[in-house]
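Data first, discussion second: the structure below is written as structure tokens.
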């Protein structure tokens with residue numbers, strides 16, 4: 002069960018981290034690369050360069066990208082917090098397990114006559 006939970010969380014983190022950083026944490030070069038990608042998206046939608054429509058498209062794509070990245074970041078944070086809480090709960094559970102003491106048992110075979118077939122075994126544990 003625990004391994005399935007860890008696998009599911011790992012897959013979720015991988016999927017959620019496609020755009021890993023929120024826009025406000027991007028460096029200048031990363032922001033420049035994002036800007037070029039947004040231009041390509043708008044151009045692929047048939048929007049012509051140097052038009053008011055391009056400006057509106059870029060603004061909308063930037064807002065969308067920013068929103069998705071922030072959502073992905075929050076999802077990763079929530080998954081990380083849940084994994085930490087799950088690990089702490091598991092550790093507490095392992096510490097609270099009852100201690101088991103070894104049990105000694107003795108088995109004594111008995112038969113109806115000496116050397117006869119064993120018909121019954123009595124076991125005593127202490």
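Numbering (our numbering), first residue to last: 2 to 127. Backbone N, C-alpha and C fix where the C-beta goes; we use that ideal spot for every residue, glycine too.
- In terms of Cβ geometry, residue 22 and residue 70 form a close pair [threshold 8 Å].
- Residue 123 is positioned such that its CB atom lies closer than 8 Å to that of residue 111.
- Check the Cα spacing between residue 32 and each of 102, 63, 125, 117: the tightest is with 63.
- Exclusion of the five residues before and after residue 49 leaves 55 as the residues of its chain whose Cβ lies within less than 8 Å of its Cβ.
- The alpha-carbon separation between residue 74 and residue 27 amounts to approximately 13 Å.
- For residue 30, the uninterrupted alpha helix (DSSP H) segment begins and ends at 29 to 45.
- The continuous stretches of beta strand (DSSP E) do not include residue 93, which lies in the alpha helix (DSSP H) extending over residues 53 to 96.
- Between the alpha carbons of residue 59 and residue 80 lies a gap of roughly 31 Å.
- Under the 10 Å beta carbon count, residue 37 is surrounded by fewer than 16 other beta carbons and is classified as exposed.
- Taking C-beta atoms as the reference points, residue 126 and residue 105 count as a pair closer than 8 Å.
- Cβ neighbours of residue 52 within its own chain (closer than 7 Å, five residues either side excluded): none.
- The criterion of a C-beta distance shorter than 8 Å is satisfied by residue 24 and residue 67.
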